[in-house]
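First residue of the sequence shown? That's 8 in my numbering, and the numbers climb one at a time after it.
The structure appears right after this line, and notes come after that.
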Amino acid sequence: MKLLVTGRDGQVAQALSKCASDTVEIVCVGRPELDLLDPASIKTQVEAHRPDVVINPAAYTAVDKAESEPELACAINRDGAGYVAEAAARIGVPIIQISTDYVFRGDKPSPYTEDDATDPQGAYGASKLAGEQAVAAANPTHSILRTAWVYAPWGNNFAKTMLRLAGDRDVVRVVADQHGTPTYAPDIADGILAVARKMLAEKEASDWRGVFHMTNSGATSWAGFAEEIFARSSERGGASAGVEPITTADYPTPAKRPANSRLHTAKFTNVFSHTLPDWREGVIRFCDQAHGKTRD
Ligand SMILES: NC(=O)c1ccc[n+]([C@@H]2O[C@H](COP(=O)([O-])OP(=O)(O)OC[C@H]3O[C@@H](n4cnc5c(N)ncnc54)[C@H](OP(=O)(O)O)[C@@H]3O)[C@@H](O)[C@H]2O)c1
8 MKLLVTGRDG QVAQALSKCA SDTVEIVCVG RPELDLLDPA SIKTQVEAHR
58 PDVVINPAAY TAVDKAESEP ELACAINRDG AGYVAEAAAR IGVPIIQIST
108 DYVFRGDKPS PYTEDDATDP QGAYGASKLA GEQAVAAANP THSILRTAWV
158 YAPWGNNFAK TMLRLAGDRD VVRVVADQHG TPTYAPDIAD GILAVARKML
208 AEKEASDWRG VFHMTNSGAT SWAGFAEEIF ARSSERGGAS AGVEPITTAD
258 YPTPAKRPAN SRLHTAKFTN VFSHTLPDWR EGVIRFCDQA HGKTRD
């Protein structure tokens, strides 16, 4: 199968590019050839490559900055996603759209299901929710995968920041009252491939259409995530630090974060017969990679 992926350097796009094999061709196209602000560039690339499935992980992902430039966030995350879905529809292929836990308010005491009401608390979440709606309107053959707390050995993310901070301080202050599931980008890529395979094997089926929650299994807080990173890193002779738990109120940010980001993933597992591993397994592979020991 041939997959066209938007963006080249994003965490998820890079993870997908590493999944190429004899049977899976992955073409990642980013700016300037494909710009989500430029519908003609999207149409041109989709028509030139004629993939079996289009995957749209590219996005405006600067959560705090989005508060001061909501129009740009919407132009990329709502309109851009809609253009990608439309271009895929025009050549008769499905789209996999990557979305976020930030579509929720974050005050539910248990994990969010796909049926729960959305209520984004910031401009980024609102733009991504509008993107889900634009994709659904433009292409009936869509799977929208909401994920959370993405990290990888590449790109910018919390896990890399923790290892960097541990290099020059003994204790790192980390928020302990926001809960979610750290999700390792290579596991997201595997999940996306499971979706693409089912879309192509069961073209007429309807169960793969719609919104799905897809994260690693289990949950923790940002402080718990940091502690796990330091424990696994130190076992491998890498950087480590103590974690001082703090509250959201101690660490004000322009955009409000959901206190509860946990997503219920049973629907994804049931439909795609695929479960992403426990989040701690991702941390092990991340630390192995950081110390040059493994495959991802
Ligand atoms: N990161 C998280 O914690 C998280 C959590 C939940 C959901 N998500 C969602 O997961 C998806 C993947 O996230 P990620 O962490 O892989 O993102 P990322 O590392 O921030 O990468 C975003 C990518 O989007 C590209 N991009 C931005 N504006 C563009 C435009 N106008 N035209 C074309 N490409 C553009 C960027 O290109 P350049 O490299 O050229 O800037 C970059 O390659 C996103 O849809 C995000 O909303 C992320």
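The beta carbon of each residue, even a glycine, is placed where N, CA and C say it ideally should be.
Given residue i as reference, the closest of the options once Cα atoms are compared
i: R171; options: A246, F275, K115, K50; result: A246
i: A266; options: D114, V53, P101; result: D114
i: I105; options: M169, P261, L136, E78; result: L136
i: S228; options: A192, D184, V178; result: D184
i: G37; options: Y67, V31, V250, Y119; result: Y67
i: T260; options: G14, G17, A69, E32; result: A69
i: V179; options: V91, E234, P284, T30; result: E234
i: A159; options: S28, E288, L10; result: E288
Cross-strand partners of residue i (DSSP beta bridge)
i: V36; result: T13
i: Y119; result: L270
i: L152; result: I105, F219
i: G225; result: DSSP, once it has assigned bridges, lists no residue as partnering G225.
i: D285; result: S224
i: V181; result: P252
i: V157; result: T190
Anticipated Cβ contact below 8 Å, residue i with residue j, distance rounded
i: S268; j: A155; result: 5 Å
i: D86; j: A141; result: 7 Å
i: I199; j: I49; result: 19 Å between Cβ atoms; not a contact.
i: I195; j: V53; result: 22 Å between Cβ atoms; not a contact.
i: V110; j: T13; result: Their Cβ separation, rounded to whole angstroms, is 19 Å, which puts V110 and T13 out of contact at 8 Å.
i: I83; j: L43; result: 5 Å
Nonlocal neighbours in the same chain, by C-beta distance under 7 Å from residue i, ignoring five residues either side
i: E121; result: V218, F219, H220, K274
i: A96; result: A145, N146
i: R57; result: I98
i: A230; result: V181, V182, A183, V250, P252
8 Å CB neighbourhood of residue i in its chain, flanking five on each side removed
i: P116; result: N267
i: Y258; result: R180, V182
Close-in-space but distant-in-sequence residues of the same chain around residue i (CB under 6 Å, 5 per side omitted)
i: E139; result: S106, I151
i: A201; result: F279, H281
i: S24; result: I33, C35
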